[in-house]
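Participant: Note that the protein sequences, when read in sequence, are chains A and B.
Read left to right, the first sequence gives residues 280 to 540 (this note's numbering).
Read left to right, the second sequence gives residues 8 to 255 (this note's numbering).
Virtual Cβ for every residue (Gly too), placed ideally from N, Cα, C.
These figures come from a predicted structure and were not determined experimentally.
Structure in structure tokens, see below.
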Amino acid sequence: MSIEAKKQIIDVGDGAAIPRKSDRGLFTAWRIAFFGAIGTISYLAYTKPDPYLEILKFVPDGIAVTFKVTLGAILLAIVIGLITGLGRISKNRFFNGIASLYVEIIRGIPLLVQIFYIYYALGNIVKVPAILSAIIAMAVCYGAYMGEVVRAGIESIAKGQREAALSLGMNGRQAMIHVILPQAVKVILPPVGNEFIALLKDSSLVSIIAVADLLRRGREYASESFTYFETYTVIALIYLIITLFFSKIIGVMEERVSVNK
Amino acid sequence: MSTNNRRKMVEAKEIIKVYGSFRALDRVSLDVYDGEKVVIIGPSGSGKSTLLRSINRLEEIDRGTIVVDGMDLYDPKTDITKVREEVGMVFQSFNLFPHKTVLDNLTLAQIVVRKRSRHEAEEKAMALLERVGLASKAKSYPGKLSGGQQQRVAIARSLAMEPKLMLFDEPTSALDPEMIGEVLDVMKDLAKEGMTMAVVTHEMGFAREVADRVIFMDAGRIVEEGTPEHFFTQPTHERAKLFLSQIL
Numbered sequence: 280m281s282i283e284a285k286k287q288i289i290d291v292g293d294g295a296a297i298p299r300k301s302d303r304g305l306f307t308a309w310r311i312a313f314f315g316a317i318g319t320i321s322y323l324a325y326t327k328p329d330p331y332l333e334i335l336k337f338v339p340d341g342i343a344v345t346f347k348v349t350l351g352a353i354l355l356a357i358v359i360g361l362i363t364g365l366g367r368i369s370k371n372r373f374f375n376g377i378a379s380l381y382v383e384i385i386r387g388i389p390l391l392v393q394i395f396y397i398y399y400a401l402g403n404i405v406k407v408p409a410i411l412s413a414i415i416a417m418a419v420c421y422g423a424y425m426g427e428v429v430r431a432g433i434e435s436i437a438k439g440q441r442e443a444a445l446s447l448g449m450n451g452r453q454a455m456i457h458v459i460l461p462q463a464v465k466v467i468l469p470p471v472g473n474e475f476i477a478l479l480k481d482s483s484l485v486s487i488i489a490v491a492d493l494l495r496r497g498r499e500y501a502s503e504s505f506t507y508f509e510t511y512t513v514i515a516l517i518y519l520i521i522t523l524f525f526s527k528i529i530g531v532m533e534e535r536v537s538v539n540k
Numbered sequence: 008m009s010t011n012n013r014r015k016m017v018e019a020k021e022i023i024k025v026y027g028s029f030r031a032l033d034r035v036s037l038d039v040y041d042g043e044k045v046v047i048i049g050p051s052g053s054g055k056s057t058l059l060r061s062i063n064r065l066e067e068i069d070r071g072t073i074v075v076d077g078m079d080l081y082d083p084k085t086d087i088t089k090v091r092e093e094v095g096m097v098f099q100s101f102n103l104f105p106h107k108t109v110l111d112n113l114t115l116a117q118i119v120v121r122k123r124s125r126h127e128a129e130e131k132a133m134a135l136l137e138r139v140g141l142a143s144k145a146k147s148y149p150g151k152l153s154g155g156q157q158q159r160v161a162i163a164r165s166l167a168m169e170p171k172l173m174l175f176d177e178p179t180s181a182l183d184p185e186m187i188g189e190v191l192d193v194m195k196d197l198a199k200e201g202m203t204m205a206v207v208t209h210e211m212g213f214a215r216e217v218a219d220r221v222i223f224m225d226a227g228r229i230v231e232e233g234t235p236e237h238f239f240t241q242p243t244h245e246r247a248k249l250f251l252s253q254i255l
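Encoded structure:
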């Protein structure tokens, strides 16, 4: 009988297809899309510098903001997700109730509405920069999804692991820190990567609350120059390149983790 | 057996465990004395694992009392982790920590629970690995070991805590036949050294050789109890006779 823990397959969200070396077809598709996008953008900039090169010069500030929002939100979301996930499996009814309520409420409200709501609700209490409010909104939303990822990851670790730890005299907290979580991380990592990419794409929503992200910068340029089609072509290609780049990185990380087991 | 004047390591009285409407344990009482080796046998579903697991409270009982090493498990003042520090447990599925090396499997609880220094813990761990014949595997991960080797590591991991009592929950049931012997040998050595042991097993040869007392369970009750000679040669209860005729 094999005792290999049955690794539960966690339902992935709407991130991006993450290519692994073993996944030939997807890997090829990734190459075509990634290098195709870079090629197209270079070609356009070279052959028609006006407006394409002008657009490319205008948007880097926006890319930086998009990264800031994404990175800030994902880090905060991981922290929120960890707390929420632990709450969801907690036997403490209060802690569990709060975590479950949070997940239910957040999952029931569209992200766009949440961004508006948190921006204006926060604005009523304290004066915070739009970008901070955007990060908080994204993190609050993704924290709920991340909480479910964390919960599923912890629950995928065989019950015997916890029992072994307890039988050695560890308390619940020690068992969690030294035995369950280190194993759960490996299960959680791929879906977290997926959430990261989904968040990167969703970060374009924050452009509506005066955060000058990539999409917002594009809109600004387009409305001044009336080159809507050209601008949004570039914006779409840039998002595509960034997303594919990270999906590749995550694929490599995933492979690393599953190798040194 | 002159067990009457010895100290009781386990004193379980009238314990009841219910799953829904099913009584897994039906008013079971069991004493295990210091240094005694008790082997619990019985058909599957008879409650033997539940009984064993209730001794370190991995299983919560619904009624009755259990006192282990003088500590009442259900006294609110009892710190259950203190009880578990003194009670080692070996599982059917080994339950080694797959993300840690064999050595780290043995040192983790020593460091975290017993607060030993890493150096001290590793010394203890290596001595125990030597004893179960696996010192050369110290740096390996459990996944690279055979089932028999994993179970020997699991026993060593429990022993690293220097328990006063060892519980074995069908330690050889998940093993290929050729690996059962190596695990039983380790257990026999442990028995010879005077460890107090409660063992749930289907290995009748082991029961005969090692047990001071054999307990036969059926349908959540202890229906027969006695020395191995008595149990294997002249069982009185019908269910025990039937069970023996089926497995011997």
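I'd like the span of the alpha helix (DSSP H) that includes L260/B, first residue to last.
Facilitator: With chain B covering 8 to 255 only, the question about residue 260/B has no answer from this structure.
Participant: Tell me the DSSP bridge mates of F223/B?
Facilitator: Bridge partners of F223/B: I48/B, E231/B.
Participant: Is S100/B close to chain A, meaning its C-beta is less than 8 Å from at least one C-beta of that chain?
Facilitator: Yes, S100/B lies at the interface with chain A (some Cβ there is under 8 Å from its Cβ).
Participant: Could you compute how far the alpha carbon of D86/B sits from the alpha carbon of T108/B?
Facilitator: About 29 Å.
Participant: Apart from the five residues just before and just after K290/B, which ones in its own chain have a Cβ nearer than 8 Å to its Cβ?
Facilitator: Here chain B covers residues 8 to 255 and nothing more, so residue 290/B does not appear.
Participant: Could one say the Cβ of E534/A lies closer than 8 Å to chain B's Cβ atoms, at least one of them?
Facilitator: Output row for E534/A: interface = no.
Participant: Exposed or buried, which one is F337/A when buried takes at least 16 other CB atoms within 10 Å?
Facilitator: So F337/A ends up on the buried side.
Participant: Which residue from S526/A, A437/A, Y500/A puts its Cα closest to that of R310/A?
Facilitator: Looking at the Cα atoms, S526/A is the closest of the given residues.
Participant: For V458/A, go through chain B and note every residue whose CB falls closer than 9 Å to its CB, in chain order.
Facilitator: What V458/A touches in chain B: F104, H106, K107, L115.
Participant: I'd like to know whether the C-beta of M168/B is nearer than 8 Å to at least one C-beta of chain A.
Facilitator: Yes, its Cβ sits closer than 8 Å to a Cβ of chain A.
Participant: Please list the terminal residues of the continuous alpha helix (DSSP H) segment that includes M425/A.
Facilitator: Where M425/A is concerned, the enclosing alpha helix (DSSP H) stretches over 409-434.
Participant: The beta strand (DSSP E) that contains K15/B, what's its start and end?
Facilitator: Residues 15-26.
Participant: What does DSSP give as the partner residues of F175/B in its beta bridges?
Facilitator: Note: F175/B sits in a beta bridge opposite V97/B, V206/B.
Participant: Tell me the DSSP bridge mates of D79/B?
Facilitator: In the DSSP output, where bridge partners are listed per residue, D79/B has V74/B.
Participant: Where do the N-terminal and C-terminal ends of the alpha helix (DSSP H) with S252/B fall, by residue?
Facilitator: From DSSP, the alpha helix (DSSP H) with S252/B extends over 245-254.
Participant: Among the candidates V97/B, A218/B, P184/B, whose CA atom is the shortest distance from the CA of A443/A?
Facilitator: The candidate whose alpha carbon is nearest that of A443/A is V97/B.
Participant: State yes or no: is the C-beta of I476/A within less than 8 Å of the C-beta of L493/A?
Facilitator: For I476/A and L493/A, no; Cβs fall outside 8 Å.
Participant: Report the rounded CA-to-CA distance for Y331/A versus L305/A, giving the unit in angstroms.
Facilitator: Each residue's alpha carbon lies about 30 Å from the other.
Participant: Report the residue from S124/B, R164/B, L32/B, R123/B whose alpha carbon sits nearest the alpha carbon of A142/B.
Facilitator: Ranking S124/B, R164/B, L32/B, R123/B by Cα distance to A142/B puts R164/B first.
Participant: List, in order along the chain, the chain C residues whose C-beta lies closer than 9 Å to that of V120/B?
Facilitator: Among the protein chains of the structure shown, namely A and B, there is no chain C.
Participant: Among L354/A, T363/A, P461/A, which residue has its Cα nearest to the Cα of A418/A?
Facilitator: With distances taken between Cα atoms, A418/A lies closest to L354/A.
Participant: Keeping to the same chain, check which residues put their C-beta closer than 6 Å to that of T10/B; ignore five residues upstream and five downstream.
Facilitator: In this prediction, T10/B has a pLDDT of 49, which is less than 50 and means its spatial position is unreliable; what the coordinates show is noted afterwards. Hits under 6 Å: Y40.
Participant: In the DSSP assignment, the alpha helix (DSSP H) including R444/A goes from what residue to what residue?
Facilitator: Inspection of the sequence shows that residue 444/A is occupied by Ala rather than by Arg. Note, A444/A: alpha helix (DSSP H), 438-446.
Participant: Using a Cβ-Cβ cutoff of less than 6 Å, which residues in the same chain neighbour A218/B once the five nearest sequence positions on both sides are dropped?
Facilitator: Excluding sequence neighbours, A218/B sits near K44, V46, P235.
Participant: Kindly say whether A615/A, judged by its beta-carbon, lies nearer than 8 Å to any beta-carbon of chain B.
Facilitator: Because chain A is modelled from 280 through 540, residue 615/A falls outside the range shown and cannot be assessed.
Participant: State buried or exposed for T277/B, treating a residue as buried only when at least 16 other CB atoms are found within 10 Å of its CB.
Facilitator: In the structure displayed, chain B extends from 8 to 255; residue 277/B sits before or after that span and is not available.
Participant: Rounded to whole angstroms, what is the Cα-Cα separation between V222/B and R215/B?
Facilitator: It is Ile, not Val, that sits at residue 222/B in the sequence shown. If you take the alpha carbons of I222/B and R215/B, they lie about 12 Å apart.
Participant: Against chain B, with Cβ distances strictly below 8 Å, would G439/A count as a contact?
Facilitator: Yes - at least one Cβ of chain B is within 8 Å of the one on G439/A.
Participant: Return helix, strand or coil for A31/B, following the three-state DSSP convention.
Facilitator: Strand at A31/B.
Participant: Kindly indicate the opening and closing residues of the alpha helix (DSSP H) around F346/A.
Facilitator: Looking at the DSSP string, the run of the alpha helix (DSSP H) that includes F346/A is 339-368.
Participant: Please state the DSSP three-state secondary structure of Y148/B.
Facilitator: Residue state, collapsed to three classes: coil.
Participant: Hey, out of V428/A, I388/A, L411/A, whose CA is closest to C420/A's CA?
Facilitator: Checking every option, the nearest Cα to that of C420/A belongs to I388/A.
Participant: So with Cβ pairs under 8 Å, would you call T179/B a contact of chain A?
Facilitator: No, T179/B lies away from the interface with chain A (no Cβ there is under 8 Å from its Cβ).
Participant: Can you find the residues in the same chain that come closer than 6 Å, C-beta to C-beta, to F175/B, ignoring five residues on each side of it along the sequence?
Facilitator: Contacts found: V97, V206.
Participant: Please identify the residue among G364/A, G451/A, S537/A whose C-alpha is closest to the C-alpha of M425/A.
Facilitator: Among G364/A, G451/A, S537/A, the Cα nearest to that of M425/A belongs to G364/A.
Participant: Taking three-plus beta-carbon pairs below 8 Å as touching, is the region 131-150 of chain B in contact with the region 60-73 of chain B?
Facilitator: No, the region 131-150 of chain B is not in contact with the region 60-73 of chain B.
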